[in-house]
Amino acid sequence: MKVNVTLLSQIIEPLLPVEPSLAPESRKEVAESVVLFVSQQILGMPAYLRVPYLLFMKIFNWLSLRPYGRLFANLDPVKQKDYVSAWIHSSLGPKKDFIKLIRSCALLRFYDHPKVRDALEGVQGK
Amino acid sequence: METTKTQILVIGSGAGGAVTAATLAEAGRQVTVIEEGPSARDFALDTNTPEAMRLLYRNGGLCPILGQPTSAFIEGCCVGGSTEINSAFWHRTPPDVLDDWRRRFQIEGLSAESMEPVFQELEQNLGVRKGDSENLPLSSTVFADAAKRLEWKVVEVPRAQSADLTGSAYSAGAKNSMSRTYLPRAEEAGAVILSGRKAVRLERSAGKVTAVTVERSGADAKGTERFEAEYVFVCCGAVQTPVLLRPSGFRGNVGENLQFHPMVKVAAQFKDAMDGHDSTLPVYQVKEFAPEITLGGAVFTPGFLALTLSDNWLQNEVAMKDWRHMALYYATSCGKGKGTVRRMPVTGEALARYRFSEADRDLLNKGFVKLCELLFEAGATRIFPGFREPALVSSREDALRYLEHPIPVKDMSISVLHIFGSCSMGEDRERCAVDSFGKVFGADNLYVSDASIIPDAPGVNTQGTVMAFALRNARRFIESVK
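Those sequence lines, one after another, are chains W and P. Sequential numbering of the first sequence, starting at 3, is according to this note's numbering. Sequential numbering of the second sequence, starting at 458, is according to this note's numbering.
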């Protein structure tokens, strides 16, 4: 079972911090690096966790049919952000945990990316 | 299938395997070492980077231990094992702990006196030393000063570090890991070290292991091969060793009694800039509540800070603006629960489970409160626990109320330090899987020499204990098997 990288990048995009401010091409590079790292982390999980997790990712995509009538992957970015936010604030533990894993891996890679580190140090001085 | 013959096969090249291989090879034995992962020296990487996690860590750094809550541990999967990716902290096993283990697990001849020359030899060979006191991180000095003001015992932890004492512990070549110390010695004495080879099954006949089936995973070769050996040392660590032994028919207390040091982390905000990203590794530990609880400073990067804040990210994201004024700290305890390791059918992966006890909750909660108390004394203005509730601690008084109203352990984000105990050592056959010198019960030529033989929580980093037991057991083997 493979990671749907397009879907993963759509989930990650609203989770990435707005600051520090990066040039568009740098932000794109950082975002791609984050998606790659998170997908590697998911693929690195033992199969007994990886397979259910990837199934849950499909369920995440399908469950947006109910509120929006479309798959998450086909929503506009604003609705994608609202949908991800709804999962973050869900009262259901599995929904929160699904986003938690992606977000924690994404934040680790984002803030330790050399371009983000340079931008952070540029803002506050080294 | 290709078959290789060797006198002694060592499976695993971490702290236990490397010392075993070097000691046996230098005694004139013919030794082959097989290691599942790649050679770390092929990659000039800082070993705490995402790229290193992908290449050198098992499961990319996400090894789960199922429980309430599920926790995660990291271990190296490369030549040199976890010694390539850890902080290289060095602790001797505390003398009272050794005495306790000798009594409770009936470990023959184990004492502080008998281990003294073993530790001395290892420390000399690893270049164990304290850091440069002129160059300690500010986050460490405020931590240690606060402990002194509170009259709490604080110690500087020595490290197995290479000549340059000023750099990051995670820079390539910064520490005297196995790939820079014992493995080259083993090779010099004639041992053969083969990476990209995972042992999947031990063949046994008439109480002896006759061969080991190995899967090759290196870029140069795939497939299966066999190693026939007169003696086999399994040194795969506390999780992978039972995964190899149990399906091969060695089950007596194997994979039981899994233990670890649970850890909770906090981010502390200070008025002054801490600049942890520019500093050497924090080296002070508060031992006032040892052995049950240890407090210390953790390695800092903006990424690790964000990870610690991530459980409450929506509230805490704003704190990232002050990242230079933040530092990371931990409280770790002696685990009181018990776990198991099993091999998953079909995939052959490890399934580790752990049941936290009430005592775990009490110790972690106390450690968290004491850590907060210390950090407010050190000048912290706010503390962000690395778990969902509470999201923020604003004062010492705020922290102290958790002594009366403990945080449920299921609400904590718990990391696992130092995993051990799944093949305990000792003559007590009701509880132990291997004898006092690592020989597996029920097998004439099979030994275990890694963290799995540590029978109970030592309350300190386990690398020193693993290496000391490996050296002691290898010496015993040389004396007894001519």
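From the three backbone atoms N, C-alpha and C, an ideal C-beta is built for every residue, glycine too. In this text the structure is predicted, and so the values were computed from the model without any measurement.
Cβ contact annotation for residue 745 of chain P (same chain, cutoff 7 Å, sequence separation greater than five): 609, 610, in chain order.
Within the model, the alpha-carbon separation for residue 487 of chain P versus residue 684 of chain P is close to 13 Å. The shortest CA-to-CA distance from residue 34 of chain W to any of W:73, W:8, W:45 is the one to W:8. If you draw a 10 Å sphere on the C-beta of residue 771 of chain P, you find fewer than 16 other C-beta atoms in it, and that means exposed.
Residue 526 of chain P is positioned such that its CB atom lies no closer than 8 Å to that of residue 823 of chain P. Taking C-beta atoms under 8 Å as the contact rule, residue 763 of chain P and residue 777 of chain P qualify, at a distance of about 6 Å. For the C-beta of residue 770 of chain P, the chain W residues within less than 8 Å are, from N- to C-terminus, 105, 109. Around the Cβ of residue 96 of chain W, a 10 Å sphere holds fewer than 16 other Cβ atoms; the residue is exposed. The closest CA to that of residue 116 of chain W, considering only W:20, W:4, W:31, is found on W:31.
Against chain P, the CB of residue 39 of chain W has a partner CB under 8 Å away; the residue lies at that interface. For residue 712 of chain P, the nearest beta carbon of chain W is not closer than 8 Å to its own beta carbon. Following the DSSP letters along the chain, one finds residue 767 of chain P in no alpha helix (DSSP H), marked with neither H nor E.
Around residue 492 of chain P, the same chain offers 470, 536, 652 as residues with beta carbons nearer than 6 Å, after the five sequence neighbours per side are excluded. The beta-carbon of residue 124 of chain W is placed no less than 8 Å from the nearest beta-carbon of chain P. For residue 581 of chain P, the enclosing alpha helix (DSSP H) begins and ends at 569 to 583.
Beta-bridge analysis with DSSP links residue 783 of chain P to P:726. Per the coordinates, the alpha-carbon of residue 480 of chain P lies some 21 Å from the alpha-carbon of residue 568 of chain P. When DSSP states are grouped into helix, strand and coil, residue 920 of chain P belongs to the helix group.
In the DSSP assignment, residue 100 of chain W falls within the alpha helix (DSSP H) that extends over 95 to 113.
In the three-state reduction of the DSSP assignment, residue 888 of chain P falls in the coil class.
Counting only the Cα atoms, residue 82 of chain W lies some 10 Å from residue 88 of chain W. Between residue 522 of chain P and residue 530 of chain P a beta carbon distance of about 6 Å is seen, short of the 8 Å cut, so the two are scored as contacting.
Only buried fits residue 875 of chain P, as 16 or more other CB atoms lie within 10 angstroms of its CB. Using a Cβ-Cβ cut-off of 8 Å, residue 96 of chain W does not count as an interface residue toward chain P, since no Cβ of chain P sits closer than that to its own. In the displayed model, residue 809 of chain P falls within a strand according to three-state DSSP. Residue pairing for residue 496 of chain P: DSSP places it in a beta bridge opposite P:536.
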